[in-house]
Structures are given as structure tokens and as C-alpha cells.
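Mapped onto my numbering, the consecutive letters of the sequence shown carry residue numbers 19 to 933.
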Amino acid sequence: MTIARMAKSLLMAGVMTMAAGTPGRTAAIDVRFAPPDVELPKTAVCTPRVRDEDMIAEWTAWNKKALPKRATFAITRDMNRMRDLDARRFEPIITRIQELMPTVKKGYDQTDALFDTVKLMLAKGEADKVRADGLVQKLLDIGGHPAGSLNTLADYLIAGEGIDQDREAGLKLKVQAAYGGNADAILDLARLTEDGESVDGWAIEPELAVNMAFGSLVGVLDEGICDRISRVAREYDDGEVVVKDPDLSQAWYRFAADLGDTAAAWEVAELNLLSEKVVKDNDVLLKYLKKAADGGNMAAILEMGRLYAEGALVPQDKEKAFAYFKQAEAAGNQAGVIKQAQLLEQTKDTSPADAAAYEDLLRRLIARNDPPPWALTRLARVIQARDGLWKSAAEVKPLLEEAVRRGDIEGGIDLAELLMREDLSPKTIARSTDLLSGAIHINGEINAIAKLQRVYLCVDPTGPDLSAADYWSNVEAGAGNKTLDLAPEQIDQLPALKDPMVIAAIQTQALYGRASALALYQRYLKGAGYSDQVLRFWAERAEIRRGATVEAALLEFKQNLEKGRINDAKRSIQMTGEGMTVDAGLSFARFLVNNYATDPESVALAKEILHPLAASGAGRAVRLLQELEGPDMDPLSSPLIRFGEVMRDRGDMSAQLLLAENAASEEDKLRLYHQAISTQRCDYDDTMALAEFAIRHQREDAKRWLSIAEHIAGDDAWRKVKIADVYMAFNRSDMQQRALGLYQEARLGGEPAAYYRLVKHYANDAGESYDPKQASDIFVDLVESSDLQSVPEKLLMLANMKPEIRRQVSQRVDVRGLYQKSAEAGQPVAMREVAKLMRDDAKDSKSILASFTWLKKAAEAGDGEAMFLLSQSYAYGLGTRPALDAAQTWMVKAAEAGYPEAAQVLKLNNAGTEG
């Protein structure tokens, strides 16, 4: 098809839709001017617009000696764009382009140059100078202008811009411009007549005028056609002149895109991406998005990268995503670097190569003239993670200071913590709290709330400031960010309780990505019977959150442990399939050591868990490895020596205390102690560790840490007992009185250990507080408050008490009767003790037989001592016939159950056999 025929077809497409007009409307004109159905050229016709920043970069680098070898249309378009963007800034470039224009555009004469000069001066805000110099009037006097220039002069007259206002003369020129085919003039007149204004010399109906204007815009098939077609598309998108029609707007953008306009291709893609104005069509979206990206449209390049990164509409392909983002970077677009960094952020913790690439990208970002502030903070974190908290401080601090200077809130939070790791002077504390407060008040940073509460409660040497700490603790709870501390029985009861506030708090924290909340919420969903689809959604969310799998295993482990399912607890350790968190790993390892110390495989598993934790600077892991290796280890290859450097570079609070305990000088010990204070989590375990260290090395601080631990413990009776134990270690009357007060509070809270401590204290006849009646009263209270399942363990204490206390208790408590009732209820310890009492008091064979029966029941119920005694009964024929095989079997079972005397017997037997 020829250019002429194509233009004619376009105009006919508009004329044929005139009937759609609705005379008399005062709103937009209802005209459907559609693109023609024609065969398009096989090669691109348009000279597509480049991004403003690319255009500016090109012209800024121009040597001004000769105009670039490009289409005159494109040069003119760039000159006009620079004038509209910033006339004053680009005046030297625009002026030089005007001077050289005659070298590339035949017929560019003094009149054209004067027009461009006037446009530039007006864009600079020099309308008064244009008027004073009579430049617009001079153009009017010259005459003989083309339609576009006539319309420009008409606008000057109508607006009074650079010349005295004369609307009548301006409209007269606009009519001439319209009849000359200028689309802007035609549309202006159509709008006026549609609004009811009569313009002399113009009698064309608005609907026909719009068709004329759009037909004029389409015009000839030259390099500027796409700009003009896009103008038609914009009119249907804006709805100011013609009735808004998003579908028709998209059709014109598609037509322009098919002629080679990459900007129009992006418009089509964006319409479908947003799907607010048109019905989304993924095929259309991808076709034109790729066309725009291939043509260098930056928004499209970045969007294609995002689609491949996320696997949206296209199969996920990280390599293709990186290719698009690198293309954007190569074009000088900072977003390309940022997108690459964001993509690597997902894998940097699991891939050393990605971590190195991520760091390189961040360094390239901050090397730019105006780097994003967050890049400085992220780079600081990368260096800190790579080199450790302590080793990296000198390199990290300037980055964070610059991030704060540029307004990065997260950088301020990180800087606050770094400053306190350096020193805990009043000046440092003041600046750190200011940074944290600013993060909360300016940006609503929830994570800063807990950090600020930590400063007031645990870090500030002048503290604790309990009122300030409680205030921020309440703020954190109100924000839904405070970690929920649920007892094991509460966790299993969540589905039945149906407490919407608790469930909402867990879900909110799970959505934030908190690993412990994800584990807890998944457990709740399973227990509440939610669908597989819901469970799958949260499982997938947990998979991408580092530590969530470990937290799920830890939760299962604690639930099994609470219910006494020791073997199940051990199996739940092996559910963990990813890198161990410090808290989980220590819980698992300590459990294995405490319950399976004689099992080489369990000890080996404990060490396997502990080694990577120790290598990450976890002091408690190093300390536990020290315990496992025992006193016979080589001091030169001890865990303290092997992991000493890593603890100095990146060690946590417990690592700093361990190093302090072994410091060569008092100066180093004090420095490491302060470092421990600055890195503590401000929880019960850390404050107790600091208290225990202070008792040995900084005695004046011990009371402070114990008071903080009391505050954190709240109503937790067991923790009160442990705090009281530390007070007792002072051997001071005032401290012992405080300890007794805490024991009493814990006793009222129902904690058995508090009863034990109080009984032991008052039963000690070597102490000043010896009081048999007080001891017996407390013990009787303990027994009477215990159920049949727990009372036997309490009664066992009597055997170690003084005769006077046993006498007083026996007068008030039927010990044998309680054992009997508990044994009949199936309690293993009670069955064993009943058996022993029957055996010791046996007057006939019937009692011996009954003793054996109870002993067998206790052994079968899993009691280790009962297994040992049953083995002896089989060996010596007590209450049964002698049976050496059964004796051996039960002795092995007793050893496996952890009864030490059984293990010793087997060891001696094996030694005798070998000998």
C-alpha cells in the first residue's frame, strides 16, 4: 500500500464514524476514530523517543561543532523537549542547535529562527522582554506562515503572551490555521463550538472537526507519524476533547507501536499491567512489553526483568532477569543496579558467590554521584556479616554515618547499636536513643521500639529506668510486635480457645516474617483443621524465611519435652533440615548432653550441632563444647583457643563474657564485659549470665543485673527461684532476705523448687535460720498441694531430712498411704517406693511377693531404679524364681534408662567377662 492510500484509509476510518456524534452535548465530543485495518510496513517507520535522561546525556556530551547525523525531525523534537524541560539550563545547547539548523534543514530561515527564539524566551519566563522587543508582533507582520506557526501565534494573542491580548485576532488566526490543516487549531475550535461558542468563519460541526483533526494528525507516513498517532491515543485516554475510550486509546497505541514506536508499546503494556482501564490481556501485554524492551524503553526493560525474576506471566528465569537488569545498568539506569541487588538479596545468605556479587553491586551503587541512602546501610550490614560485629566496626561506622546524613532510618538504627558497642558514655547513650526515637516517630519503625526499651532497661549504665522501659514495652505490645510467650499447654489449646486477638497477633508477626511466629502459626493452622491450600501457602512462606524450619522443629521439640516424650523430643531434633539457629541448637545440644551423656552417637550429634554455632561466635556453644571435652582436654587445642579469634571478631554476648573470664588483664576484662552489656538481648538468660559474671568479677554490678532479671521474670515462679539462688550466693544477710522473699513469692506461685529451697534452708541445723517447724510446715504444704502423680517425688525428700523434721511431717502426713494411693493410680515412683516399703517391712513371703509385683509394674512403667531392683530380684530370687536372663535384660534396660548403678554393674560384668 502506498503512503497516500494509507493516509486516505486513515481519514476514511474517521469520517465513517461521524454518525456516532451526538449534537447538543456540552461534554466531550462522542467520535470514534479508529485505526485502519491495513498492512503495515515490514520495517519500523518511526523515530522513537528516548528517555529524557538519555536525551539529556547525549546532548550534554555533544561537542557543538556539527549537528548529529539524525533525522531533522528527531533533532527538532529533542530541542523542543529540552526547552520544555528546563529552558534556562539547556539554553546554550538549544541556541547552538538553532544556529546549526540551516545545515541540516533546507528552508530553515530567519523567520524559523525567530520563532524558535521567541519560544525559548517565553519558556525562560521572559514574556515582558518579548513584548518590549515586539518579537511576536514582528512575526505577525512577516506573515505567510504555515498552519502550525499560525496556531502558535493565535495562542500568543489569545493568552496575551509576549504581546497584548487580542482574543478576536487570535481566533481569526486559529481559524486560518484550522483550514490549513493544523490539528491543534481544529481541536481547539471543536471544543469551543461544542461548548456553545460561535467563532467567526468556523461553521464545521464538532464531530466532523474532530475527524478532520485526527485525520490531519495521521497525515503522511513519515518518521513523525508515531508521535502524531500517539496524540490521538492520548486524546481518547484523557477524555477532554473526545469521549474517553480506553480501548480505542489502546488501539491507537498498538498501531503506533506496530509502526516502531517503543514508547507506545510501553503504553500498551502498562495499560494491561495496571488493568484499570482495559481488560487485561496477557498475550498483548507480553508482546508489546517485549517490543518496548527490545526498543530500549527503560520502564519495559525493568518490567521484563521483574517478570522473569518473579516468574509472573513467564517461567521464572533468574538469568534472564539479570540480563534485563544489566541492560538497564549499561544504559546508565540506577534502578538496574538496584534490581540486581534486590534479586541477590534473596540468595546472598546461602551462596558465597551471590554474597560477593551483592557486595560488588552495593559498592557500585554508593560510588555513584547520588547513591540511595539504603545502599550504604545494606553494604554496612554485608561487611558486618562477613567480617563480624567487632572486626568490621571501623569500616562500617563511616558508611552508617553517611547513610544517616542522607536520611536512611534503618541506617540510624544500626548506627545507634554500633555506637553503644563502642562505648556506653552518657553522650553515646543520648545520641543512640535520639536515633532510635527518630526512627519510631519519623518512620514508625517497629523494630526500633524493642531496641529503645533494651537501652532503658539493660544497656544504659545509669539504669535501669523501669518506667521508660515499661512505656516502650507497652508501645511494642500495642504495635503487635512483642514476641508472644505462650506456655506449651497454651500452644496446643490455641485452636480450641479461638481467641481472635492472640491469633491475629501471631498471624501479624508471621506475615512480618518472624520465624518463631511462622512456626507457631503453622502449628495452629494444622490443629484448627485448615485446608491444604492454606497450609501450603504458609509452608511456602516459611520455606523462603531463613530459620522457620528450625523454629518449627524447636517448637515440636519443646512440646514433646514438656509432655515427657523424651525419645520423641530427640527425634524432633532430626527434623531440622537447614542451618541451625543459636537458640535452637543450644536447646537441642543441651538436651542431648543432659539425657544421653553415655550414648556416643548422641554426644557426637550434640557436637555436630555445636561446632557451626561456635564457629559463628556463639559463646554458649563454645562453653558447652568445653564441658563436653572435659578437664582432660589439651589447653592449647581447647574450644576456647580454637574459636577465640572468631569470638573476638563476631562473638555474641556470651562470647564476650567467656573471653572476659579468660582475659589477660583487668583492662581487657572490663572492655569485654562492656561489650557483653552492649550486645545482650536484654532477656532473662542474658541478664542472669551478666549477674553471675558480675558476682565473680564486677560484684558492684550484680544487684543491678538481678533487679533487671526480676523485672523481666515478672510472675514466672521458676525464674524467681533461679534469681533467688544467685542472691543466696552472696552470703550476705540482706541478699539472703531478698532470696527468701523471692522463694516465698515463687512458692505462692506453686513452684515446687521454691518449696524445696525453703525446706532446705530451714532444715539446715548448721545455719542461723534452722527451724524444724517452719521446714515441716512448708513440706506439708507442698505435699498437700501436690496431686497423686507428682506427690511421690516430693515425699522422697523426707529421707534426707533431719529426724525431728521427719517426725513432725509423719505426724501430719500419711506417707505410706499417699504412696499407696499414688501407686494404685499408676505412678511409677510411687509403685517403686511401695515395693521398697513392703520389702523392708516384710513379715512373710506374701509381702515379698506383693513387693515384687509392685516393683515389676514400676519397671514396666519406665522407672530406672525399679528396673535395677527388679534385676536384683530376678538374680537373687526375691519374690520370684531366680532368672539370670531376666536379671541381665532388666539390668541393661536400667542402664539404658540412665540409672548410674546399673551402668556401673554392667561395666564391671563386662570387665570380668573380658578378663
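Note that the Cβ used here is the ideal one computed from N, Cα and C, for glycine as well.
Quick check: the Cα distance between Thr129 and Ile93, rounded to an integer number of angstroms? Rounded to the nearest whole angstrom, the CA to CA distance from Thr129 to Ile93 is 18 angstroms.
Burial state of Leu442 (16 or more Cβ within 10 Å): buried
Leaving out five residues on either side along the sequence, give the residues of the same chain with a beta carbon under 6 angstroms from the beta carbon of Leu362. Asp372, Ala375 and Tyr376
If you measure between the beta carbons of Leu454 and Asp432, is that distance less than 8 angstroms? no
Quick one: what does DSSP say Ile74 is sitting in, helix, strand or coil? helix
With C-beta atoms as the reference, is Lys142 less than 8 angstroms away from Arg114? no
Buried versus exposed call for Glu494 [16 or more other C-beta atoms within 10 Å across all chains shown]: Buried, because 16 or more other Cβ atoms sit within 10 Å of the Cβ of Glu494.
Decide yes or no for the touch test of the segment 161–176 against the segment 209–229: beta carbon pairs closer than 8 angstroms, at least 3 of them. no
Whole-angstrom Cβ separation of Gly880 and Pro846, contact assumed at under 8 angstroms? 6 angstroms
If we count the other Cβ atoms within 10 Å of its Cβ and call it buried at 16 or more, is Gln944 buried or exposed? Residue numbering for the chain in the displayed model covers 19 to 933; residue 944 lies beyond these limits and cannot be assessed.
Thinking just about the alpha-carbon of each residue, which of Ala636, Tyr197, Asn612 and Ala615 is nearest to the one in Asp601? Ala636
Write down the C-beta distance between Lys357 and Phe343 rounded to the nearest angstrom, noting that I regard them as a contact closer than 8 angstroms. With a Cβ gap of about 4 angstroms, Lys357 and Phe343 count as contacting.
Check the C-beta distance from Lys792 over to Tyr780 and give it rounded, since I have them as a contact under 8 angstroms. This sequence places Gln at residue 792; Lys is not what is there. Indeed they touch by this definition, with Cβ atoms about 4 angstroms apart.
Just the Cα atoms here: how many angstroms apart are Gly39 and Phe51? No answer about Gly39 holds up, because its pLDDT of 37 lies below 50 and its placement is not dependable.
Could you please give the first and the last residue of the uninterrupted alpha helix (DSSP H) stretch that includes Pro846? Pro846 to Asp858
Between the Cα of Ser605 and the Cα atoms of Gly785, Gln471, Val286 and Arg638, which residue gives the shortest distance? Arg638
Helix or strand or just coil, what does DSSP make of Val68? coil
Can the beta-carbon of Arg834 be found closer than 8 angstroms to that of Leu855? yes
C-beta atoms of Leu690 and Leu708 nearer than 8 angstroms: No, these two residues do not count as a Cβ contact at 8 angstroms.
Taking its Cβ as the centre, do 16 or more other Cβ atoms sit within 10 Å of Pro649, making it buried, or is it exposed? exposed
Out of Leu331, Gln364 and Asp312, state which residue places its alpha-carbon closest to the alpha-carbon of Ala341. Asp312
Name the DSSP beta bridge partners of Val260, please? Ile47
Extent of the continuous alpha helix (DSSP H) run through His779: Pro770 to Ala781
Asn387 (DSSP reduced to helix, strand or coil): coil
Residues near Ala720 by beta carbon distance below 6 angstroms, same chain, minus five either side: Ala709, Ala712 and Ile713
Within 10 angstroms of its Cβ, does Gly42 collect 16 or more other Cβ (buried), or is it exposed? Because Gly42 carries a pLDDT of 40, less than 50, the predicted location of this residue cannot be relied on, and no value is offered for it.
Here's a check: name, in chain order, each residue in its chain whose Cβ is nearer than 8 angstroms to the Cβ of Ile814, leaving out the five neighbours to either side. The amino acid at residue 814 is misidentified as Ile; the sequence shows Leu. Excluding residues within five positions, the ones whose Cβ falls inside 8 angstroms are Val847 and Glu851.
For Ser605 and chain C, any beta-carbon pair shorter than 8 angstroms? Annotation note: the requested chain C is absent from the structure, which comprises a single protein chain.
Look up Met819 in the DSSP assignment and say whether it is helix, strand or coil. coil
Entirely within the segment 270–324 and at least 4 residues each: give me those alpha helix (DSSP H) ranges in chain order. 280–292 and 300–312
From this set, Ala486, Asn461, Asp703 and Glu347, which residue's C-alpha is nearest Trp736's C-alpha? Asp703
Look at the Cβ atom of Ser234, then the Cβ atom of Ala274, and state whether they are nearer than 8 angstroms. No.
Cα-Cα separation between Asn169 and Val261, rounded to whole angstroms: Asn169 and Val261 have their C-alpha atoms spaced approximately 24 angstroms apart.
Three or more C-beta pairs closer than 8 angstroms, one from the segment 223–243 and one from the segment 195–214: is that the case here? yes
Is the beta carbon of Ala46 less than 8 angstroms from the beta carbon of Gly354? no
Compute the distance between the beta-carbons of Ala757 and Met746, then report whether it is under 8 angstroms. Their beta carbons are under 8 angstroms apart, which means Ala757 touches Met746 by this criterion.
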